[in-house]
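**Student:** After the structure tokens below, expect a handful of questions from me.
In the working numbering, the protein residues as written are 333 to 1011.
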């Protein structure tokens, strides 16, 4: 009569039992039949693992190796019996009979409460090992929950905490799951929404949470870049939305048309905020657009002839701004550098090529006319006549191309007969400014720089200062204000030799372009390794943590609506706002749009609908098939190359004549143009 052995027999009779499940089952049976080595070994291993993992005594690799050993030694049938997710399944499910190492590891995490999804199956009270230290040390302080790190995942934890600070993003995820959830797989949406809800839930105070497996797609065996992880997560979210919207019926016919729309000449209904509510396409695009997505307007033009191809609209979800050789920068200086007018020398210009060809052909025809007036032989007259005919045909082709602004390669080589070696190079200018601001602005400070001595990348340790409230009007397209009749006119320069941005102090005040700082991700260490820490705001009524005297003295207010916290994985501490603003090692900044520079946190919602309507009248945008790639806007220097993380691969080329331009009689041919906007 052996109770332990009887329990083992019960497990072997389970429908999930498989004698050939793994090669180490025979070894485990021998341990169980002879002594209590397995039981004591697993128990001691669990205790040592959680103690070392909580207090951070052991290195990460040792901690991970110990966990892998525990998973390996634990019999699969015991895991199946204790795991609530697998024990409730039908016995005919053959997939469980071949439980692999990863499946067993995830099941053991559920049993031990490491993923915060359910309580431990073998503990009678509602305590998980994520609260192990709190149970030993005493009372809780109502601190926000942190994120556990056992696999070099500080870069993931900091990004998830930063995304959790953005209210508009949480609403976006919830809306997509509710309206598009039946159209495709939304695993990334659900995982991200779930962890954001748990991080912002007051019931999880003082807890250690864990990132879901769906969000740990990047290899965590070595240190990774936080911005790369950010782009991967946001790109996957966009990809899921795109796949789901492909399955929706876009041509709804008269189902979306109201009675007024069927009346010829009737004005469409406009909401209070100015958005056209009768446009299903605009409404759908506004609702399903990622709040992290904005648009850059890029202009490339020749500084010699003044010709420009128009504006290329480039979607972005993160602005990567450069750093130079100074010791300290303000992030607004970085934005100036990112969006400055950049001259590019030695670039081929089609219009300059055609203009030179026109001058050469006209000179040739004049010379032929003069030669034909001179006494000559009949043969020379025939040659001059044939040459004149050919020159006249080429001149007509060149003039036609110039008149129609047809500068395609086929036109130059086939129609105008201008080979590549005869093309004209000139100095062109390139400038990219913000055409449409996102609801949530993420700025990545590029701290990678090339070391000419070693030939390798190294970290730029320049301190970066940043404001609590950022006004983006100075870097947005169409903020040059002027009066033209009784209409409000937005203006920007079309001269490639002049900046599209307004001069300092002359930018117009456009709603929805004020952003409040919600989170800061900093990096400590060298370029190849280091540690990421997130600072973010929390409402004081949600997490009423005790305010330390140092924080109270620095902030000067006891009853503040929001408090800043320092989150180093699962180590959470309250800090003062001054401490956050003095973090010179900022790596990523998370801003969210507010109505104005008020102290209360009021995200904007209606102002973007107005801006979307204006942009809708400019051009008919289409969604690219690939929404998870990265586009780079090159700069002249490798040290200051501004990269832009985007959510669509293609640019939207919009010729200037399609931008509803109103010509100003007082402006020169290379001067300013204006765009009419709704007051």
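Quick reminder that beta carbons are idealized off the backbone N, C-alpha and C, glycines included.
(1) Name the two residues that bound the continuous beta strand (DSSP E) containing residue 635.
(2) Kindly indicate which three-state DSSP category residue 1058 falls into: helix, strand or coil?
(3) Need the endpoints of the alpha helix (DSSP H) that residue 561 sits in, please.
(4) With a 10 Å radius around its C-beta and 16 neighbouring C-beta atoms as the bar for buried, classify residue 796 as buried or exposed.
(5) Any chance you could list the beta strand (DSSP E) runs of at least 3 consecutive residues sitting entirely within the stretch 655-720, in chain order?
(6) Go ahead and pull the three-state DSSP assignment for residue 469.
(7) Report the option in 697, 829 and 735 whose CA atom is closest to the CA atom of residue 718.
(8) What is the C-beta distance between residue 667 and residue 646, in whole angstroms, given that I count them as a contact (C-beta under 8 Å)?
(9) Please give me, in chain order, every unbroken run of the alpha helix (DSSP H) with length at least 4 that falls completely inside the stretch 864-936.
(10) According to DSSP, is residue 759 part of a helix, a strand, or is it coil?
(11) Residue 880 to residue 476, Cα distance in whole Å?
(12) Return the chain-ordered list of same chain residues with a C-beta closer than 6 Å to the C-beta of residue 680, the five sequence neighbours on each side being excluded.
(13) When we look at the beta-carbon of residue 559 and count the other beta-carbons within 10 Å, is it buried (16 or more) or exposed?
(14) Write down the C-beta distance between residue 775 and residue 848 rounded to the nearest angstrom, noting that I regard them as a contact closer than 8 Å.
(15) Do residue 739 and residue 682 have their C-beta atoms within less than 7 Å of each other?
(16) Helix, strand or coil: which one does DSSP assign to residue 739?
(17) DSSP three-state label for residue 406, please.
(18) Looking only at DSSP bridge pairs, what is residue 852 linked to?
(19) By the three-class DSSP mapping on this structure, what secondary structure does residue 443 have?
(20) On a CA-only basis, which of 686, 780, 751 and 700 is nearest residue 737? Give me that one, please.
(21) So what does DSSP say about residue 646, is it helix, strand or coil?
(22) Taking all protein chains shown into account, decide if residue 751 is buried (16 or more other Cβ within 10 angstroms of its Cβ) or exposed.
(23) Which partner residues does residue 783 have in the DSSP bridge list?
(24) Just grab the DSSP bridge partners of residue 795 for me.
(25) Classify residue 827 as buried or exposed, calling it buried when 16 or more other Cβ atoms lie within 10 Å of its own Cβ.
(26) Take every Cβ of the stretch 772-791, pair it with every Cβ of the stretch 899-907, and state whether three or more of those distances are shorter than 8 Å.
(27) Specify the secondary structure class of residue 962 as computed by DSSP and reduced to three states.
(28) May I ask you to report which of helix, strand or coil DSSP gives residue 521?
(29) Identify the continuous alpha helix (DSSP H) that holds residue 495 and give its terminal residues.
(30) Assign residue 832 to one of two classes, buried (16 or more other C-beta atoms within 10 Å of its C-beta) or exposed (fewer than that).
(31) Got a sec? Which residues, its chain only, sit under 7 Å from residue 726 by beta carbon, not counting five neighbours each side?
(32) Taking residue 655 and residue 792 to be in contact with their CB atoms under 8 Å, please state how far apart those CB atoms are, rounded to whole angstroms.
(33) Going by the CB atoms, is the gap between residue 624 and residue 843 shorter than 7 Å?
(34) Could you check where the beta strand (DSSP E) with residue 776 kicks off and where it finishes?
(35) With distances taken from CA atoms, which of 730, 798, 439 and 650 is nearest residue 766?
(36) Could you please give me the residues that DSSP links to residue 808 through a beta bridge?
**Tutor:** Quick answer:
(1) Along the chain shown, read from residue 1 onward, the residue named residue 635 stands at position 303. Here residue 635 belongs to no beta strand (DSSP E), and DSSP marks it neither H nor E.
(2) The question about residue 1058 has no answer, for the chain in this structure spans 333 to 1011.
(3) Taking the chain shown and counting its residues from 1, one reaches residue 561 at position 229. 558-578 is the extent of the alpha helix (DSSP H) around residue 561.
(4) Residue numbering aside, residue 796 sits at position 464 when the chain shown is read from its first letter. By the neighbour-count criterion, in which 16 or more other beta carbons inside 10 Å mark a residue as buried, residue 796 falls on the buried side.
(5) 660-662 and 674-680
(6) Taking the chain shown and counting its residues from 1, the one referred to as residue 469 is at position 137. Because residue 469 sits at a pLDDT of 42, beneath the cut-off of 50, its placement in the model cannot be relied upon, and the point is left open.
(7) The residue you call residue 718 lines up with position 386 of the chain shown. Comparing Cα positions, the closest option is 697.
(8) The residue given as residue 667 occupies position 335 in the chain shown. The residue given as residue 646 occupies position 314 in the chain shown. Not quite, the Cβ-Cβ distance comes to about 16 Å (not below 8 Å), so this is no contact.
(9) 881-887 and 909-913
(10) Mapped onto the chain shown, residue 759 falls at position 427. Strand at residue 759.
(11) On the chain shown, residue 880 is found 548 positions in, with the first residue counted as 1. On the chain shown, residue 476 is found 144 positions in, with the first residue counted as 1. Near 15 Å, if we compare the C-alpha coordinates of residue 476 and residue 880.
(12) Here residue 680 refers to the residue found at position 348 of the chain shown. So the list reads 755 and 757, once near-sequence residues are dropped.
(13) In the chain shown, counting from the first residue as 1, residue 559 sits at position 227. Under this definition residue 559 is a buried residue.
(14) Looking up residue 775 in the chain shown gives position 443. Looking up residue 848 in the chain shown gives position 516. Taking C-beta atoms under 8 Å as the contact rule, residue 775 and residue 848 fail to qualify, at a distance of about 13 Å.
(15) Counted from its first residue, the chain shown places residue 739 at position 407. Counted from its first residue, the chain shown places residue 682 at position 350. Pairing residue 739 with residue 682 gives a Cβ-Cβ distance under 7 Å.
(16) Indexing the chain shown from 1 puts residue 739 at position 407. Coil, per DSSP.
(17) Counting from one through the chain shown, the residue named residue 406 turns up at place 74. Coil at residue 406, not helix or strand.
(18) Taking the first residue of the chain shown as 1, we reach residue 852 at position 520. Answer is 867 and 921, bridged to residue 852.
(19) To locate residue 443, count along the chain shown from 1; it is residue 111. In this structure, residue 443 counts as helix in the three-state DSSP scheme.
(20) Residue numbering aside, residue 737 sits at position 405 when the chain shown is read from its first letter. Checked all of 686, 780, 751 and 700; the closest Cα to residue 737 is 686.
(21) Taking the first residue of the chain shown as 1, we reach residue 646 at position 314. Reduced to three states, the DSSP call for residue 646 is strand.
(22) Counting from one through the chain shown, the residue named residue 751 turns up at place 419. Exposed: under 16 other Cβ atoms inside 10 Å.
(23) If you number the chain shown from 1, residue 783 lands on position 451. In the DSSP output, where bridge partners are listed per residue, residue 783 has 788.
(24) Translated into the one-based positions of the chain shown, residue 795 becomes position 463. For residue 795, which the question treats as bridged, DSSP gives the partners 660.
(25) Numbered from its first residue, the chain shown carries residue 827 at position 495. Buried.
(26) no
(27) Stepping through the chain shown from its first residue, residue 962 is reached at position 630. The predicted position of residue 962 is uncertain, since its pLDDT is 36 and thus under 50; a value taken from the coordinates is nonetheless stated next. Three-state result, residue 962: strand.
(28) Position 189 of the chain shown, counting from 1, holds the residue named residue 521. Note: residue 521 maps to helix in three-state DSSP.
(29) The residue you call residue 495 lines up with position 163 of the chain shown. First-last of the alpha helix (DSSP H) with residue 495: 486-496.
(30) Position 500 of the chain shown, counted from the start, is the residue given in the question as residue 832. The residue is buried, with at least 16 neighbouring Cβ atoms inside 10 Å.
(31) Along the chain shown, one-based indexing puts residue 726 at 394. Around residue 726, the same chain offers 693, 748 and 749 as residues with beta carbons nearer than 7 Å, after the five sequence neighbours per side are excluded.
(32) One-based indexing of the chain shown puts residue 655 at position 323. One-based indexing of the chain shown puts residue 792 at position 460. 5 Å between Cβ atoms; contact.
(33) The residue you call residue 843 lines up with position 511 of the chain shown. The residue you call residue 624 lines up with position 292 of the chain shown. No, the pair does not count as a contact, with Cβ atoms beyond the cut-off.
(34) For the purposes of this step, residue 776 is taken as the residue at position 444 of the chain shown. Residue 776 -> beta strand (DSSP E) spans 772-777.
(35) To locate residue 766, count along the chain shown from 1; it is residue 434. Answer by Cα proximity: 650.
(36) Counted from its first residue, the chain shown places residue 808 at position 476. Answer by DSSP bridge pairing, in chain order: 766.
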